[in-house]
Amino acid sequence: TQLLEQSPQFLSIQEGENLTVYCNSSSVFSSLQWYRQEPGEGPVLLVTVVTGGEVKKLKRLTFQFGDARKDSSLHITAAQTGDTGLYLCAGDRGSTLGRLYFGRGTQLTVWP
Amino acid sequence: GAVVSQHPSRVICKSGTSVKIECRSLDFQATTMFWYRQFPKQSLMLMATSNEGSKATYEQGVEKDKFLINHASLTLSTLTVTSAHPEDSSFYICSASSLAGNTDTQYFGPGTRLTVL
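Chains A and B are the protein sequences, given in the same order. Letter by letter, the first sequence follows residues 2 to 113 of the numbering used here. Letter by letter, the second sequence follows residues 70 to 186 of the numbering used here.
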């Protein structure tokens, strides 16, 4: 059983469309991180959200942390082909070792 | 941001041989490093948590005698896949934890593609 349920698993859209990726859990996280990974490379950190209700923007990407710190979303406006990749959410439950619990990932393909 | 390197980036080996993968934090000290494996188009699966100067903590189902982890210093952890078999072929990724403000952030290495023939 995944601690973090990420959806959708696959997303295929045209350039210019908007999209939202969701990560949901019944558990509370002290922080939640979003990563983007390209084939054959390691994940690259996009953002860390810490405070319930927090909204962070990174150019066309908007990240939101739920008020109860159990869920998060990633919204991309006017997707571009360069946004193609695997998006991963990962939550930290505040353990001393800093272990992350990963969602299953969302494979995004943006077509020209 | 913090930089984590892995070496080698790719390795091909014969069945039965052992392979060592290095993970280094280049510009920060990491008391904790994590080892993951990843299958194509899937998420990361945590294999073990490595702490400098102590034994690694393995996730359920991961054989500690097969995947040997050594965290010799605050900037280096190694994963040795012993007696590798084709089913061990995968993408292995390490991460190093750094405290940024009040939040532990994991920075990931570029991964090592292991192919066992």
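The beta-carbon is built from N, C-alpha and C at its ideal position, and this holds for glycine as well.
Simplified DSSP assignment, three categories, for A/GLY53: coil
Interfacial residues, the stretch 111-133 of chain B to chain A, with Cβ spacing under 9 Å: If you check each beta-carbon in the stretch 111-133 of chain B against every beta-carbon of chain A, the ones closer than 9 Å belong to GLN111, SER112, LEU113, MET114, LEU115, THR118, ASN120 and THR126.
Through-space distance from A/TYR88 to A/LEU101, alpha-carbon basis: 15 Å
At least three beta-carbon pairs within less than 8 Å, the stretch 119-133 of chain B to the stretch 50-61 of chain A: no
Assigned secondary structure, B/THR86 (DSSP; H/G/I helix, E/B strand, else coil): coil
Residue ranges of each beta strand (DSSP E) within the stretch 53-112 of chain A, 3 or longer: Taken in chain order, the complete beta strand (DSSP E) segments of 3 or more residues contained in the stretch 53-112 of chain A are 56-59, 62-66, 72-77, 86-93, 101-103 and 107-112.
Chain A contact residues for B/SER158, given Cβ-Cβ distances below 9 Å: Here the premise fails: no neighbours, minimum Cβ distance about 14 Å.
B/SER146 beta carbon near the ligand MN (any heavy atom closer than 7 Å): Ligands are entirely absent from the displayed structure, and the ligand MN is therefore not among its contents.
Continuous beta strand (DSSP E) assignments of at least 3 residues falling wholly in the stretch 89-113 of chain B: 101-107
Sheet register partners of A/GLN3 (DSSP bridge): None, per the DSSP bridge assignment.
Cβ-based neighbour list, A/GLN10, same chain, cut-off 8 Å, excluding 5 preceding and 5 following: ARG105, GLY106, THR107 and GLN108
Beta-carbon neighbours of A/GLY99, restricted to chain B and to distances below 8 Å: In chain order: THR101, SER166, ASP173 and GLN175.
Coarse secondary structure for B/ASP157, derived from DSSP in three states: helix
C-beta contact flag for B/PHE103 and B/SER164 at 8 Å: yes
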